[in-house]
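Engineer:
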Ligand SMILES: C[S@@+](CC[C@H](N)C(=O)[O-])C[C@H]1O[C@@H](n2cnc3c(N)ncnc32)[C@H](O)[C@@H]1O
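Residue numbers (my numbering): 489 to 768.
1. Report, in whole angstroms, the separation of the C-beta atoms of residue 711 and residue 735, which I expect to be a contact under 8 Å.
2. Taking only runs that begin and end inside the segment 641 to 687, name each unbroken alpha helix (DSSP H) of 4 or more residues, in chain order.
3. Can you list the alpha helix (DSSP H) stretches of 4 or more residues lying completely in the segment 562 to 601, in chain order?
4. Heavy atom of ligand 3 less than 7 Å from the Cβ of residue 630, yes or no?
5. Are three or more beta carbon pairs between the segment 648 to 655 and the segment 540 to 560 nearer than 8 Å?
6. Would you tell me roughly how many angstroms separate the C-alpha atoms of residue 719 and residue 521, rounded to the nearest one?
7. Given the structure, does residue 671 come close to ligand 1, in the sense that its CB is under 7 Å from one of the ligand's heavy atoms?
8. Which whole-angstrom value is the C-beta distance of residue 564 and residue 531, which I expect to be below 8 Å?
9. Kindly provide the ranges of any alpha helix (DSSP H) runs that are 4 or more residues long and lie completely inside the segment 677 to 761, ordered along the chain.
10. Look up residue 764 in the DSSP assignment and say whether it is helix, strand or coil.
11. Does DSSP put residue 509 in a helix, in a strand, or in coil?
12. For residue 659, count neighbouring Cβ atoms within 10 angstroms of its own Cβ and tell me buried if that reaches 16, exposed if not.
13. So, for residue 590: in the same chain, excluding its five sequence neighbours on each side, which residues have a beta-carbon less than 6 Å away from its beta-carbon?
14. Taking C-alpha atoms, which residue in 549, 573 and 717 lies nearest to residue 757?
15. Considering Cα atoms alone, identify which of 632, 609 and 691 is closest to residue 644.
16. Over what stretch of residues does the alpha helix (DSSP H) that includes residue 540 continue unbroken?
17. Are at least three pairs of beta-carbons, each pair with one atom in the segment 561 to 577 and one in the segment 632 to 641, less than 8 Å apart?
18. Tell me whether residue 572 counts as near ligand 1, meaning its Cβ is closer than 7 Å to at least one heavy atom of that ligand.
19. In whole angstroms, what separates the C-alpha of residue 648 from that of residue 737?
20. For residue 624, which residues does DSSP report across the bridge?
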């Protein structure tokens, strides 16, 4: 064990075991299917704590003209709302009833929004019915091959597929210090998205760009953000309480936060855009 590992072990034995296993400890973290289902139980927390999406990222991804867009893994509708605000007609697919309830409350009345139950691997839509398929912070939950096949099937040529992520920005000093307290997320993050080369087998143009954005948070929202992460949502309750209490303690003692009622949380949004379906 290195010195860093020992320090981590002192702070949290579970985290140390996880970090030692390269960020993924199969014996301490519930399986992927369990974590994928964790969201419904924390839908309100998720909605309060998670960031939204920058308008510039959506404009770069989809362009200025209104499109028929299918969003997979729409959750509570944070990205759905941003797509609608940009003028697109959106079908938001989400399998969790708990998440769908918050999603429908948010966008259900919008004339250009349709909320549907379903899974990315078996999309309940006709062939060639949408101009674009987008996914925000959800692709890692899907079975990749059947999902990519389904995306190719429902896209109407020329066809556009977009992946968006929200990365916690560790270039901000206090955010980096908080990450040391909470851990980086015990889930192995590699291979999250299909590589550019993999997408080029299906699309003629593939490009990446990253956008910065910010979110005002108070201590409760910061706690909600952490509580909504699947590996925290699936912790045993006592362990979760201890984990989240450390966040409150951090706010009370961190020089950049203490005594303040709110702070700016910085995010980075990577976007991968794949355009023009290859004829197969
Ligand atoms: C991190 S949330 C993403 C939320 C959302 N896109 C946003 O903008 O905040 C991931 C979502 O993917 C959904 N999900 C998990 N497995 C799925 C699957 N196989 N097909 C479609 N959605 C799935 C979960 O229920 C969850 O709501």
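The beta carbon of each residue, even a glycine, is placed where N, CA and C say it ideally should be.
Structural biologist: A quick look at the data gives this:
1. For the purposes of this step, residue 711 is taken as the residue at position 223 of the chain shown. For the purposes of this step, residue 735 is taken as the residue at position 247 of the chain shown. Rounded to the nearest angstrom, the Cβ distance from residue 711 to residue 735 is 5 Å, consistent with a contact under 8 Å.
2. For the segment 641 to 687, the continuous alpha helix (DSSP H) assignments of 4+ residues that do not extend past its boundaries occur at 661 to 670, in sequence order.
3. Segments of the alpha helix (DSSP H) lying fully in the segment 562 to 601: 566 to 573 and 585 to 595.
4. Absent from the structure shown: ligand 3. Ligands present: ligand 1.
5. A contact is defined here as three or more CB-CB pairs under 8 Å, and the segment 648 to 655 meets this definition with respect to the segment 540 to 560.
6. Translated into positions along the chain shown, residue 719 becomes position 231. Translated into positions along the chain shown, residue 521 becomes position 33. Residue 719 and residue 521: Cα-Cα distance of roughly 12 Å.
7. Reading the chain shown from its first residue, position 183 is the one you call residue 671. Not under cutoff, so the answer is no.
8. As a first step, residue 564 must be located in the chain shown, where it is residue number 76. As a first step, residue 531 must be located in the chain shown, where it is residue number 43. Confirmed, about 6 Å.
9. Annotation note: the segment 677 to 761 contains the following uninterrupted alpha helix (DSSP H) runs of length 4 or greater, listed N- to C-terminal: 684 to 688, 707 to 715, 718 to 721 and 725 to 741.
10. Looking up residue 764 in the chain shown gives position 276. If DSSP states are grouped into helix, strand and coil, residue 764 belongs with the strands.
11. Residue numbering aside, residue 509 sits at position 21 when the chain shown is read from its first letter. At residue 509 the pLDDT is 33, less than 50, meaning the model places this residue with poor confidence; the figure from the coordinates comes in the next sentence. Residue 509 falls in the coil class under three-state DSSP.
12. The sequence position of residue 659 within the chain shown is 171, counting from 1. Exposed is the call here.
13. Within the chain shown, residue 590 is the residue found at index 102, counting from 1. Counting only Cβ-Cβ distances below 6 Å, and skipping sequence neighbours, we find 531, 535 and 564.
14. As a first step, residue 757 must be located in the chain shown, where it is residue number 269. Considering only alpha carbons, the answer is 549.
15. In the chain shown, residue 644 corresponds to position 156, counting from 1. For the options 632, 609 and 691, the alpha carbon positioned closest to that of residue 644 is the one of 691.
16. Reading the chain shown from its first residue, position 52 is the one you call residue 540. Counting along the chain, no alpha helix (DSSP H) covers residue 540, and no H or E run does either.
17. The answer is no - the segment 632 to 641 does not touch the segment 561 to 577, with fewer than three Cβ pairs under 8 Å.
18. Against the chain shown, residue 572 aligns to sequence position 84. Residue side-chain check: residue 572 keeps its Cβ at 7 Å or more from all non-hydrogen atoms of ligand 1.
19. Working through the chain shown from its first residue, we reach residue 648 at position 160. Working through the chain shown from its first residue, we reach residue 737 at position 249. Taking the straight line from one Cα to the other gives about 45 Å.
20. Position 136 of the chain shown, counted from the start, is the residue given in the question as residue 624. Answer by DSSP bridge pairing, in chain order: 652.
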